[in-house]
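Enquirer: In this text, residue positions in the sequence shown follow UniProt numbering: the first is 1, and each later residue adds one. Below is a structure I'd like to ask you about.
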Amino acid sequence: QEQRRYRGQSRSDNPPHIFAVADAAYQALLHQRQNQAIVISGESGAGKTESANLLLKQLVYLGKAPNRNLEERILQVNPIMEAFGNARTGINANSSRFGKFLDLTMTKGGKVTGARVSVYLLEQSRVSQRIQGERNFHVFYYLYDGLESEGRMAEFHLDPVLRLRHHYLGDDVQDMESKKTNIARFKQLKVGFRLLGFQDEQVDTVYRILAAILHLGDLEFGEVVTQDNTDNKSRIIDLAPLHRVSKLLGVEPSDLLESLTSNSVVTRGETITRNNTVIEACAARDAMAKGLYGRLFDWMVNQINTLLMFSRACSDEPLAVGLLDIFGFENFPNNSFEQLCINVANEQIQYYFNQHIFTWEQQGIPVDLVEFSDNRPVLDMLLSKPLGLLALLDEESRFPRATDRSLIEKFHNNVKSKFYVRPKSNALCFAVHHYAGRVVYQAENFLEKNRNFLPPEVIQLLRQSHRDMVRYLFQCPLTKNWQPLLHQSGVTTSDTQHGL
């Protein structure tokens, strides 16, 4: 009834509603014969993702597809993306940890013909590390409770006892209500995969990779003690998780062990193998987990687009309504590289609003009553080359011996802007005066996260997997930002600057 109420109506005919925004875009597409885009903005927890869901629901309703099946399939996209891309943070129980642009294609007569999803800035680091009180991506918790409810945990080497020990799950405190919710969401996920057209074997492989990631996090390394104390070789303390990961990914345990505890360099045509320290082995383990999750996420997005048969290049119906649902501005007690990328993206959206939205009079609000400041100088400080903050970060990331301390010194010595604030102490941090307020960023791990490096030994290992999908994920060519060419979603500063 509410959907019908706003169909084809003037905004003044009804109270303000998200459905009215969808109808305005739809009517503009029909009458102007031009593509439309709806940009959803707001702070974290403001309700952007829910607004995107309602907008999509109303647009699909307005542009009745030729068959009911296509409508149902399109509406499954957001629940699946939320399961893999959303997580609990300190201020939002369902926070988007990636940006999403959903293109809904239509005929000139306004009938929905398909959809395509583009994703940006997936927070891969959340797989292996989170600040206290936050959780990993929803799908890991759905997986455990869902498979347990179906009696299928043993297939994926999962166990309720192990759940409490999984390092990547963190403080997984459960109650019956959250367990019921996770089971219901897992069932919804399965329905979504089925309606979209995923094969059962594909879905089971997704489960295997997710389970392998959890077991990867349980690999603990110790140092091998030698008589002369000159060898920093690391060893795995408990081999049980190693064997679970090997079975799930289809690789040999000995090969997996070697890829994490050693690395090779080619010097003058000669390959030299050296041992990894415990710290280096842990870094390789976490990089492997993040690489698996990022590529699985990219594959899933690519598969969704393929199954929805979107092809604007050869389509006779080029019109589309786009929905941009991107994470909101964030200012936490501890802000890291991810918050910087997120807030840079929000600065760009704010600049767009300043240039376009605030020049209009909408919903009877006089423009002279809307106060806003030009944030172009902040964007220049962040994005300009060669001395913008992100350009300096990329430059420092190219030096193997660079440290977080050398990065901070580079920032302090080169960023000349009143919007950049250096600390009074010698702390590894800096502050930026954003349009939404002052944010202090902790520079620890900035270089590691920006490099997003996946050891060649790990790539080679997974390219030899006897599981077809695992092998495919790592045989895809990489872009210069180390992302699979089939799609890009990982967090890098280059993606931040060009993604929008």
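We put the CB at the ideal spot given by N, CA and C, even for glycine. A quick note: this is a predicted structure, and the numbers were derived from the prediction, not measured.
Considering only residues of the same chain and omitting the five flanking positions on each side of Y293, which have a CB-CB separation below 7 Å?
Expert: Counted from its first residue, the sequence shown places residue 293 at position 293. Correct list, in chain order: Q124, V127, I213.
Enquirer: A287 to Q32, Cα distance in whole Å?
Expert: Here residue 287 refers to the residue found at position 287 when the sequence shown is read from its first residue. Here residue 32 refers to the residue found at position 32 when the sequence shown is read from its first residue. Roughly 48 Å between the two C-alpha positions.
Enquirer: Identify every residue that forms a DSSP beta bridge with I40.
Expert: What you label residue 40 is simply residue 40 of the sequence shown in a count that begins at 1. BP columns for I40 point to D325.
Enquirer: How would you call D374, buried or exposed, if buried means at least 16 neighbouring beta carbons within 10 angstroms?
Expert: Residue numbering aside, residue 374 sits at position 374 when the sequence shown is read from its first letter. D374 comes out exposed.
Enquirer: Going by the beta-carbon positions, is the gap between residue 502 and A52 smaller than 8 Å?
Expert: Residue coverage of the chain in this structure runs from 1 to 500, which leaves residue 502 outside it and unanswerable.
Enquirer: When the Cα atoms are used, what is the spatial distance from Y168 to G146?
Expert: Working through the sequence shown from its first residue, we reach residue 168 at position 168. Working through the sequence shown from its first residue, we reach residue 146 at position 146. Approximately 18 Å, taken between the alpha carbons.
Enquirer: Between the stretch 427-439 and the stretch 264-272, are three or more C-beta pairs nearer than 8 Å?
Expert: At 8 Å Cβ cutoff, the stretches do not touch.
Enquirer: Check for me: the beta strand (DSSP E) holding Y441 runs from which residue to which?
Expert: In the sequence shown, residue 441 corresponds to position 441, counting from 1. It spans 437-442 - the beta strand (DSSP E) in which Y441 sits, taken as one unbroken run.
Enquirer: Classify K290: buried if its beta carbon has 16 or more other beta carbons within 10 angstroms, exposed otherwise.
Expert: Here residue 290 corresponds to residue number 290 of the sequence shown, with the count starting at 1. The residue in question, K290, is buried, as its Cβ has 16 or more Cβ neighbours within 10 Å.
Enquirer: For G109, does the three-state DSSP call read helix, strand or coil?
Expert: Start at 1 with the first residue of the sequence shown, and residue 109 comes out as number 109. Three-state result, G109: coil.
Enquirer: Short check: CB of N343 to CB of L393, under 8 Å?
Expert: Sequence index remark: in the sequence shown, residue 343 carries index 343 (1-based). Sequence index remark: in the sequence shown, residue 393 carries index 393 (1-based). No, they are not a contact pair.
Enquirer: Taking Cβ to Cβ, would you say G85 is nearer than 8 Å to F101?
Expert: Along the sequence shown, read from residue 1 onward, the residue named residue 85 stands at position 85. Along the sequence shown, read from residue 1 onward, the residue named residue 101 stands at position 101. Contact: no.
Enquirer: Measure the alpha-carbon distance for S178 versus E82 and round it to whole angstroms.
Expert: If you number the sequence shown from 1, residue 178 lands on position 178. If you number the sequence shown from 1, residue 82 lands on position 82. Those two C-alpha atoms are separated by around 17 Å.
Enquirer: Where are the beta strand (DSSP E) runs, 3 residues long or more, that stay fully inside the stretch 229-287, in chain order?
Expert: Counting whole runs of 3 or more residues, the stretch 229-287 contains the beta strand (DSSP E) stretches 234-236, 262-267, 270-275.
Enquirer: Of the residues N414, F430, H466, A46, which one's Cα is nearest the Cα of V251?
Expert: Stepping through the sequence shown from its first residue, residue 251 is reached at position 251. Nearest option by C-alpha distance: H466.
Enquirer: Between the stretch 62-71 and the stretch 16-36, do at least 3 Cβ pairs fall closer than 8 Å?
Expert: These segments touch.
Enquirer: Measure the alpha-carbon distance for D238 versus T271 and round it to whole angstroms.
Expert: Within the sequence shown, numbered from 1, the residue matching residue 238 stands at position 238. Within the sequence shown, numbered from 1, the residue matching residue 271 stands at position 271. Cα to Cα, the separation comes out at about 30 Å.
Enquirer: Hey, would you say Y142 sits closer than 8 Å to F186, going by beta carbons?
Expert: Numbered from its first residue, the sequence shown carries residue 142 at position 142. Numbered from its first residue, the sequence shown carries residue 186 at position 186. Yes, the pair counts as a contact, with Cβ atoms nearer than the cut-off.
Enquirer: Applying the 10 Å Cβ sphere with the 16-neighbour rule, what's the burial state of L407?
Expert: As a working note, residue 407 is residue 407 in the sequence shown. Per the 10 Å Cβ criterion, buried.
Enquirer: Select from L70, L54, E134 the residue whose C-alpha is nearest the C-alpha of P333.
Expert: Against the sequence shown, residue 333 aligns to sequence position 333. Ranking L70, L54, E134 by Cα distance to P333 puts E134 first.
Enquirer: With H, G and I counted as helix, E and B as strand and the rest as coil, what does DSSP make of E201?
Expert: As a working mapping, residue 201 is identified with position 201 in the sequence shown. Here E201 sits in helix by DSSP.
Enquirer: DSSP state of N92, grouped into three classes?
Expert: In the sequence shown, the residue the question calls residue 92 occupies position 92. DSSP places N92 in coil when its eight states are reduced to three.
Enquirer: Going by beta-carbon coordinates alone, are L447 and E396 separated by less than 8 Å?
Expert: Mapped onto the sequence shown, residue 447 falls at position 447. Mapped onto the sequence shown, residue 396 falls at position 396. Yes.
Enquirer: Check whether chain D comes within 8 Å of N86, counting only Cβ atoms and requiring the distance to be less than that.
Expert: The chain labelled as chain D is not found in the depicted structure, where only one protein chain is given.
Enquirer: Beta-carbon within less than 6 Å of N94's beta-carbon, same chain only, minus the 5 sequence neighbours each way: which residues are those?
Expert: The residue labelled residue 94 in the question sits at position 94 within the sequence shown. Correct list, in chain order: N86.
Enquirer: Here's the rule I'm using: 16 or more other beta-carbon atoms within 10 Å means buried, otherwise exposed. How should M381 be labelled?
Expert: The residue given as residue 381 occupies position 381 in the sequence shown. Flag for M381 reads buried.
Enquirer: Whose C-beta lies closer than 8 Å to the C-beta of P253 among residues of the same chain, with five residues either side of it excluded?
Expert: The sequence position of residue 253 within the sequence shown is 253, counting from 1. So the qualifying residues of the chain are L239, L242, H243, S246.
Enquirer: Which of the three DSSP states, helix, strand or coil, is assigned to N86?
Expert: Translated into the one-based positions of the sequence shown, residue 86 becomes position 86. DSSP places N86 in strand when its eight states are reduced to three.
Enquirer: Bridge partners of F137, per DSSP?
Expert: Residue mapping note: residue 137 aligns to position 137 of the sequence shown, counting from 1. In the DSSP output, where bridge partners are listed per residue, F137 has A87.
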